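Peer 1: So in our numbering, spot 249 of the sequence shown is number 260, and the numbers just go up one at a time. The beta-carbon is built from N, C-alpha and C at its ideal position, and this holds for glycine as well. No experiment lies behind these values; they were computed from the predicted model shown. Before we start, here is the structure in question, set down as structure tokens.
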Amino acid sequence: MRVTLVTGSDAVLRRRMQAVIADERWTVGDAGPGTADSLAAAVSAAARAGLNGALALSLHPSLDPLETALVLQQHWAMEHPAARVRLSDVVTVAHARELRVLLHEGGAHDLDAPEATAQRIEAATAIVVAGGDDPRLRHLVRALNPRSPVLDERGLDRSRYRGILRAPVDDLGRCQGWMLALRGALLSGPAVDVVVFRDPRPFHPYRLAEVVERGLAPSRVGTIWRSRGLVRLASRVERVGSWCTAGEVLRLDPTTMTSDDPEAPAGQELVLMGSGLRRAAIVDALGSALLTPGELLEGPMAWAGYADPFPVWQSAHGH
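Shown next as structure tokens:
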């Protein structure tokens, strides 16, 4: 059985896409403990009972598509070959109005919505855009996920969908635009600017908050659509942070990496993507938040006492 996950905030668009993909269609409800494991077991049971062909699963917006996909892949890989289930695609359906929020055009009623939209696009093997033909939306989507096709929802039928070369599902989570940029495989183009910021020094948390509030404003540095990366705060130097902005909203969360983790970056590794970005202004703004030579000499015990306006980190998650 070939399983496709269909993600997106709009249930109607998800159902339309399911109909394009497969005759057999399931809807997965709100997230809860063990949702992905339960889903994997249910699909396997259906396959053993004789269900075959293509199955399209509509995921509730509260479910993380990348996390769900990886759990399903792991579950089905450990099963007996007779189960005959494999994940073939993760398709994200995004409406033009939610993409425009990432372009700083219109605010989001839910502050978590822009980040969720960006993550769904980054996790997809194919992206379907509905409700508009603004070329900037395609440029945005391709910057977030350069290796997956971008399709127009209008006129999309099953034969056309099957003829599209989708990104390999085995590369899920490894070909996001920001990751490619850190490896030097995604550069600025005529429609999208990409700036990579690296520095071994930790950020002073208070100065970084001021930079986020004022120093990265579009009037100063250009319009940042999306930024992702790994950061180190002097006041939390024992833990690597995950930096995410989507539109005008910043999330700064802990990762599972500690300072002595062999995979941990020496300092800051940030990728910023957008329109009209001024690299020198961005580097100057972020650079002003780095520890000075004198502050570096003070050491971690002094750093722990620095004013830190960012929310307390309650728990760590993967990066």
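Under the rule that 16 or more other beta-carbon atoms within 10 Å means buried, what is residue 239, buried or exposed?
Peer 2: In the sequence shown, the residue the question calls residue 239 occupies position 228. By the neighbour-count rule (16 or more Cβ atoms within 10 Å), residue 239 is buried.
Peer 1: Quick one: give me the first and last residue of the beta strand (DSSP E) that residue 106 is part of.
Peer 2: To locate residue 106, count along the sequence shown from 1; it is residue 95. 97-106 is the extent of the beta strand (DSSP E) around residue 106.
Peer 1: Find out if the Cβ-Cβ distance for the pair residue 186, residue 149 is shorter than 7 Å.
Peer 2: Working through the sequence shown from its first residue, we reach residue 186 at position 175. Working through the sequence shown from its first residue, we reach residue 149 at position 138. For residue 186 and residue 149, no; Cβs fall outside 7 Å.
Peer 1: By the DSSP assignment, the alpha helix (DSSP H) with residue 126 in it spans what residues?
Peer 2: Walking along the sequence shown from the start, residue 126 turns up at place 115. 124-134 is the span of the alpha helix (DSSP H), which, as asked, contains residue 126.
Peer 1: Whole angstroms is fine: what's the gap from residue 116's alpha carbon to residue 274's?
Peer 2: Counted from its first residue, the sequence shown places residue 116 at position 105. Counted from its first residue, the sequence shown places residue 274 at position 263. So the two alpha carbons sit approximately 37 Å from each other.
Peer 1: Starting from residue 254 and walking both ways along the alpha helix (DSSP H), at which residues does that stretch end?
Peer 2: Indexing the sequence shown from 1 puts residue 254 at position 243. Unbroken run through residue 254 is the beta strand (DSSP E), 250-257; no alpha helix (DSSP H).
Peer 1: Less than 7 Å between C-beta atoms, sequence neighbours within five positions excluded: which residues of the same chain meet that for residue 84?
Peer 2: Stepping through the sequence shown from its first residue, residue 84 is reached at position 73. Taken in chain order, the residues that qualify are 98.
Peer 1: Which of helix, strand or coil does DSSP assign to residue 274?
Peer 2: In the sequence shown, the residue the question calls residue 274 occupies position 263. Coil, per DSSP.
Peer 1: Where does residue 63 land, buried or exposed, given buried means 16+ other C-beta within 10 angstroms?
Peer 2: Counted from its first residue, the sequence shown places residue 63 at position 52. So residue 63 counts as exposed.
Peer 1: Roughly how many whole angstroms lie between the Cα atoms of residue 176 and residue 160?
Peer 2: Your numbering for residue 176 matches position 165 in the sequence shown. Your numbering for residue 160 matches position 149 in the sequence shown. Approximately 7 Å between the Cα atoms of the pair.
Peer 1: Could you pull the DSSP bridge partners for residue 32 from this structure?
Peer 2: Numbered from its first residue, the sequence shown carries residue 32 at position 21. BP columns for residue 32 are empty, so no partner.
Peer 1: I want to know whether the region 190-204 touches the region 162-178 - three or more CB-CB distances under 8 Å.
Peer 2: Touching, no, given that fewer than three Cβ pairs across the two stretches are closer than 8 Å.
Peer 1: Just how far apart, CA to CA, sit residue 82 and residue 200?
Peer 2: Reading the sequence shown from its first residue, position 71 is the one you call residue 82. Reading the sequence shown from its first residue, position 189 is the one you call residue 200. So the alpha carbons of these two residues sit roughly 35 Å apart.
Peer 1: Is residue 156 near the ligand PLP, going by C-beta to nearest heavy atom under 6 Å?
Peer 2: Of ligands this structure carries none, so the ligand PLP is not represented either.
Peer 1: For residue 303, count neighbouring C-beta atoms within 10 Å of its own C-beta (all shown protein chains included) and say buried if the count is 16 or more, exposed if not.
Peer 2: Taking the first residue of the sequence shown as position 1, residue 303 is located at position 292. Exposed is the call here.
Peer 1: Candidates 235, 172, 89: which alpha carbon is nearest residue 151's?
Peer 2: For the purposes of this step, residue 151 is taken as the residue at position 140 of the sequence shown. The shortest C-alpha separation from residue 151 is found at 235.
Peer 1: May I ask you to verify whether the region 123-139 touches the region 241-254, counting CB pairs closer than 8 Å and requiring at least 3?
Peer 2: No: the two stretches stay apart, fewer than three of their Cβ pairs being nearer than 8 Å.
Peer 1: Using 10 angstroms around the beta-carbon of residue 173, count the other beta-carbons present and answer buried if the total reaches 16, otherwise exposed.
Peer 2: To locate residue 173, count along the sequence shown from 1; it is residue 162. By the neighbour-count rule (16 or more Cβ atoms within 10 Å), residue 173 is not buried but exposed.
Peer 1: Within 10 angstroms of its Cβ, does residue 47 collect 16 or more other Cβ (buried), or is it exposed?
Peer 2: Position 36 of the sequence shown, counted from the start, is the residue given in the question as residue 47. Buried, since its Cβ has 16 or more Cβ neighbours within 10 Å.
Peer 1: Quick one: complete alpha helix (DSSP H) runs, 4+ long, within the region 135-195?
Peer 2: Counting whole runs of 4 or more residues, the region 135-195 contains the alpha helix (DSSP H) stretches 146-155, 169-173, 188-193.
Peer 1: How should residue 230 be labelled, buried or exposed, when 16 other C-beta atoms within 10 angstroms of its C-beta is the threshold for buried?
Peer 2: The residue labelled residue 230 in the question sits at position 219 within the sequence shown. Flag for residue 230 reads exposed.
Peer 1: Starting from residue 267 and walking both ways along the beta strand (DSSP E), at which residues does that stretch end?
Peer 2: Sequence index remark: in the sequence shown, residue 267 carries index 256 (1-based). 260-269 is the extent of the beta strand (DSSP E) around residue 267.
Peer 1: What would DSSP say about residue 198, mapped onto helix, strand or coil?
Peer 2: Locating residue 198 in the sequence shown gives position 187, where the first residue counts as 1. Looking at residue 198 - three-state DSSP - the assignment turns out to be coil, as it is neither helix nor strand.
Peer 1: Does DSSP classify residue 20 as helix, strand or coil?
Peer 2: Taking the first residue of the sequence shown as position 1, residue 20 is located at position 9. If DSSP states are grouped into helix, strand and coil, residue 20 belongs with coil.
Peer 1: What distance in whole Å lies between the Cβ atoms of residue 180 and residue 139, which are believed to be in contact at a cut-off of 8 Å?
Peer 2: Here residue 139 refers to the residue found at position 128 of the sequence shown. Here residue 180 refers to the residue found at position 169 of the sequence shown. Not a contact, Cβ separation roughly 17 Å.
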